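Since the structure comes first, as C-alpha cells, the remarks are kept for the end.
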Amino acid sequence: MKTIKIDIQQYFIIIVLFELGSAILVGLGMDAGRDAWIAILLGMVSGMVLFLGYFYLYKQFPEQSLTQYLQILFGKSIGKLFGFLYLMYFMYLAARVLRDFGSLLLSAVFVQTPIIVVNALMIATIVYVLKLGFEVLVRTGEIIFSLVVLLGITLAVLVLSADLLKYNYLLPVLGQGFLPVLKAAFPVTPTFPFGEMVVFTMLFPYLKTSKKSKALTVGLFAIMLSGLILSVTVAMDIAILGGHVATHVYFPLLAAVAKINLGEFIQRLDALVVFTLIIGGFFKISVLFYVAVKATQDIFGVKEEKKLIGPIGIVLILSSIVIAANYVEHIKEGLSIVPHFIHIPFQVVLPSLFIIVFLLRRKKLKSFASSPSTSTE
Amino acid sequence: MRNRRKRPIIRTHKKLTDMLADKKHDDPSSLRSKTISMETSKRKETAETVVGELSPILHVMVDRVKTLLGDPMDLIVREFEFELEQKVTATLLFLEEMNDPQILNEFILSPLMSLSSHKQSSPVPVDHVLHYIKQNALALGRVLDVETEDELVEALLAGFSVLLVEGNTKGLKLGTTGGKVRGIEEPSSEVVIRGPKDSFTESIKTNISLIRRRVRSKDIRIEKFKIGEVTHTDVAIVYLENIANPLLIKEIKERIEEVKTDGLLESGQLEEFIQDETVTVFPQFLNTERPDVVIGNLLEGRVGIIINGTPFVLIAPAQFIQFFQSSEDYYMRYDISTFLRLLRFSVFIISLIAPSIYIALTTFHQAMIPTTLLFGIAAQREGVPFPAIAEALVMEITFEILREAGIRMPRAVGVAVSIVGALVLGQAAVQAGLVSPAMVIVVGITAVASFAIPSFAVATSARLLRFPLMLVSSVFGFYGLTLALIVIIAHLTSLRSFGYPYLSPFAPIQTQDLKDSLFRFPITKLFKRPKKLSKKNQTRTQPYSVKKKREEETTR
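Residue numbers (my numbering), protein chains in the order written: chain A, 1 to 377; chain B, 1001 to 1556.
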C-alpha cells in the first residue's frame, strides 16, 4: 500500500484550516460577553497544553496512529473498544460540523431546500476528493489555504475601510473582573476547536520522517495562529455588532460582514463569507471523515480504505440529520451537552488516562511495542 | 548505336556473374558477407516477413522492386552505364517527387557517367565497384549500404534513391531526399509581438535543425523512434542530458515505445496514447509551434517530442500554470509579464465561471447585487419567459455553434455567419424578448475571455467545464459552485504529468518555483530551474547586478 507523507507546511496548513473551519463561524466564548476574545486566548493556551499531551503520546508511538497504539497499550480487545469509542467520537464530530453547515446554508441562502440535499452534496464532494486520496485532500488544502488567506485579507480591508469598528464596544476590558471570563473560558472554550486537535493523533504518523523534530513547534505555532485569528475575528464581531447582539446571533461573523456597505456597491458580502466558510467546512469535515475512515480501517481490519469511504459518507449524511430535531436543539446540545459530556472525556480525560497507563506499563511495553510496531508497518 | 551497346551489357553481365561465382569460393570477405546476410535473412524469416537478399542481376532486382511496390507510376528506373576497366551497368531507382532532381543529376548521375578508369592505376575488381564509386564518384553526404529487399523498399519509401550495380549483392541508398515542403513561416497559433518569428514545419528534419541551431550544446540529445505499422512515422525526443532527469527520459521512452498503432498523423494522437490520465478535460502536454518555447522548456529539464508531419511539438511533463505563460513573458519586462500572467489567469476564471456567477446571482443571491443594478436586471428580465439557466444555456450553445461554424465555413461565407450571429441571434433575440441584454453581455465576456487564454488546449477545458458549472449553480447557487470548484481543484491536484504534480508549484508548494509561475520575477532573480524537474543541475543564473555609474563617469 502506498503510504502518504505530509510535508511540514502541509501539516501547518491542515491544522490552521481545521481549527478555523467551523469555529470562525460560530461565536466562541460568547458567555464572556464583550471579553470573549480573552476567553478564546485562554482557550488557546489550554488547547496548546492538550496538544502537548497528544504529542507526547505520539512521541512514544511514532509509527502508529491512536487506534493502533491503543491496541498495544491495552491489549487487543480493550484497545479496540477504546478505538471504537474514538471512532464514534470522530464521526459524531463530522456529523455535527456537517449539520452546522447545512443549517447555516439553509438560514442564509436555501430557505426552502431540505437539509439532507445540502448535506448530501457536501458529502458527495468529500467522497470524491477522498477517493482521490488523502494526499489530494492535503494538496487541495494548500490551494484552499491561499484562497482563504486572500479572502480573509480582502474582508479585513473592507471592514477597516467601511469604518464599522466601534472600539468602545470592547471597553471596558474585563469590566466584571477576571472571574466571568474564566468561567466562560473553562471548561468549554478549550474543547472547541482547540481540543479537537485530538484527531491529529490519527494523522501524526503520516508526517514526513525527516520533519518530525519540527512537528511540535510548527503544531504549536499553527494553533497559536489560528487562536489569534479567531480571537481577532470575535473581537471584530463584537466591535461591529456590540457585545449584546454579538452574543445572541447564531452566526456573528455573517451578521458583522453583512453590515459592510461601500459606496452602495460593495454590500451584502455575507455571501463571500459563506463561500469562505463552505471551503473551511469542507476541509474540516473531510479531515474528520478521513480520520473516521482510518479508525474504522484499524479497528475492523479493512484492507482498502477506499471501500469504506462511500458507506461512511452515507452514515454521515443520515446522522447529521438525526443528531438533532431542529437547529435550536442542535445548538443547545453543542453549547451545553457536547463540551462537558463528550469533548472533555475524549479530549482530556481519556488521553490523560492513556498517558498514565503508558507511564505505568512503560517497562512492559518497551519490550512489547518494538515487535508489533515493526510487524504492522 | 543502341544495339551495339546492348549486346556488351549482356555479355558483361554473364562475365560478371561468372566471376562472382568463382570469387565466392575463395574470397573470405565475400563469404563473410554472405553469412551475415544469411543471418539477417534468418532473423527476418522468424519475424515472418518475405525476405530476399538483393539479386545481383539488375533486371531481376528491378522487377522485384516493381512487384513489391505494385509498379507505381512515380517509381523512376534510370538505367545507365559507366566505364571502370570494363563497362558497368547500373540502375538508379527513386520515387519521383520525393527526391531532389538537381542533386540526382549533378551529384550522382553526372559524376558516375563521366567516370573512367584512367584516373585509376590498377583495375577495380567487380565487387569493389560499389565501394569504389562510393569513395570516388558520389559527391553526397549520406551514402549507406542496402543489403536486403526490405531495406531497399524502405529506403525508397523514405525518400532515398537507391543505386544498384550489376553483379553486386548490395546497393547504395543515397540521401537525395527533396521534394516540396512548406517553408519556415511565422507561427499561426502563438503570435507574439516581440520574439522570434520562426515556427516549426511539418518536416521533422527542419524542426530538429531549428532546435539545434539555437542550442549549441554537446549535451543536447535527440533520439528517434518509429511509430505506426503503416505510416512508419518518425518521432524524436529532444532533451538536454545534463539537465533532464534520467528517470523521466526513461519513462517517456518506454511509453513511446509501447505505442502500437497503424498510423500517427499528429502529435495529438501520441498525446492521447502516452498521457497519464484519460478521464480529464485538462491537457497534460504542452504543444507549441515555436522553437524558442521548446528550448526554454528543455532548459528547465523538460523533454520535447517531435513528430514528423506536424508542426506541433509536444512538451512533457506539463504543469497547469504553463498554459498561462507565453514565451513573450520572458522577452518583455517582468512587470508587464506578471501583469499579463495574472490577467490571463483571471481571464481563464472568467471564461470558466462568468455565466455560472450570473445564474447564481440572479437565481439565489439577488441581495448581493447592488440595488440599482438589481432593478435594471429585473426590468430587463421581466419580459423574458425563461429561467436564467435556460437563457444562459441557449446563448452559450448558440455561441458555440457560431464559433464552430466560423471555423468550418468557407471564408467567403464567413461574413454571412457573423451577420446572422451578431444581428439575428444577438440583437433580435433581445428585442424579441427571448433573452435579456445582460445575458448577452455575459456570454460576450465569456467568449472574448476564452479567446484571450494563450493556450487553446486549456481554453477548451474551460469551455467544456462551463456547462456543468452552469447547471450546478442554477440548482445550488454559490454553494454548488464552490463545491464544484473544489472538485475541480481536487481533480487538478490529483493529476500528474509523467509523475510530476500538475498543480506544482502551488500544490505541493515549491517556494523557489513560485517566482516563475503566476508572477515572473526579474530574470536576475530566477536563479534556479524547477526543483523537481532538474534534480542534478539546479542553478541556471548566477547573481548579477549592474554597478550603476554616475553620470560623470560615463559621459566623461
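Don't be surprised by glycine CBs; every beta carbon is placed ideally from N, CA and C.
Owing to the predicted nature of the structure, the values given are computational and were not obtained by experimental measurement.
- The C-beta of A/ALA95 comes no closer than 9 angstroms to any C-beta of chain B.
- Assignment of alpha helix (DSSP H) within the stretch 38 to 118 of chain A, counting only whole runs of 4 or more residues, yields 66 to 74 and 76 to 108 in chain order.
- By the C-beta density criterion, B/ALA1318 is buried, having at least 16 other C-beta atoms within 10 angstroms.
- A/GLU196 carries a helical assignment under DSSP once its states are collapsed to helix, strand and coil.
- Fully contained in the stretch 1229 to 1289 of chain B are the following beta strand (DSSP E) runs of length 3 or more, in chain order: 1233 to 1240 and 1286 to 1288.
- If you check the CB distance, A/ILE126 and A/PHE12 do not come in under 9 angstroms.
- A distance of 9 angstroms or more separates the beta carbons of A/ILE331 and A/LEU203.
- The CB of B/MET1368 comes closer than 7 angstroms to the CB of ARG268 and ALA271 in chain A, given here in chain order.
- Using a Cβ-Cβ cut-off of 8 angstroms, B/TYR1479 is close to LEU105, VAL109, PHE110, VAL118, LEU121, VAL274 and ILE278 of chain A, given in chain order.
- The C-beta distance from A/GLY280 to A/LEU17 rounds to 6 angstroms, short enough to fall under 8 angstroms.
- In this structure, DSSP gives B/ASN1136 a helical state, which the three-state scheme calls helix.
- Judged by DSSP in its simplified three-state form, B/ALA1318 adopts coil rather than helix or strand.
- As summarised for the stretch 1131 to 1185 of chain B, the continuous beta strand (DSSP E) elements at least 3 residues long and confined to that stretch are 1143 to 1146, 1161 to 1165 and 1171 to 1174, given in chain order.
- Here the C-alpha atom of A/TYR56 lies approximately 16 angstroms from the C-alpha atom of A/THR67.
- By DSSP's assignment, B/GLU1079 forms a beta bridge with B/THR1091.
- B/VAL1415 counts as exposed, since fewer than 16 other beta carbons sit within 10 angstroms of its beta carbon.
- For A/VAL257, there are no C-beta contacts with chain B under 9 angstroms, since the nearest C-beta of that chain is about 12 angstroms from it.
- According to DSSP, B/GLY1304 shares a beta bridge with B/VAL1238 and B/ILE1315.
- Counting C-beta atoms within 10 angstroms of its own C-beta, A/ASP163 has fewer than 16 neighbours from the protein chains shown and is therefore classed as exposed.
- Bridge pairing for B/GLU1223: B/ILE1237 [DSSP].
- Chain B has no Cβ within less than 9 angstroms of the Cβ of A/GLY313.
- Any Cβ of chain B closer than 9 angstroms to the Cβ of A/SER161 would place that residue at the interface, and such an atom is absent.
- B/HIS1491 is classed as buried because its beta carbon has at least 16 other beta carbons within 10 Å across all chains shown.
- The three-state secondary structure of A/ILE6, taken from DSSP, is strand.
- Here B/ILE1489 really is in contact with A/ILE143; their C-beta atoms are around 5 angstroms apart, less than 8 angstroms.
- According to the DSSP assignment, B/ILE1204 belongs to the alpha helix (DSSP H) that extends over 1204 to 1214.
- In the structure shown, the three-state DSSP call for B/GLU1053 is strand.
- Secondary structure at B/THR1371: helix, using DSSP grouped into helix, strand and coil.
- DSSP places B/ASN1297 within a helical segment (H, G or I) once states are collapsed to three.
- CA-to-CA, the gap between B/PHE1080 and B/LEU1112 works out to about 9 angstroms.
- Interface with chain B (9 angstroms Cβ-Cβ cutoff): A/VAL249 is excluded.
- Chain A has no Cβ within less than 9 angstroms of the Cβ of B/LEU1533.
- Taking a 10 Å sphere around the C-beta of B/PHE1160, we find 16 or more other C-beta atoms and assign the residue as buried.
- In summary, the residues of the stretch 1497 to 1509 of chain B whose CB is separated from some CB of chain A by less than 9 angstroms are PRO1501, LEU1503, PHE1506, ALA1507, PRO1508 and ILE1509, in the order they occur in the chain.
- Just measuring C-alpha positions, the residue of B/LEU1138, B/THR1231, B/TYR1479 and B/ARG1341 sitting nearest A/PHE282 is B/TYR1479.
- With contacts defined by Cβ atoms closer than 9 angstroms, B/ASN1287 and B/GLU1277 do not form a contacting pair.
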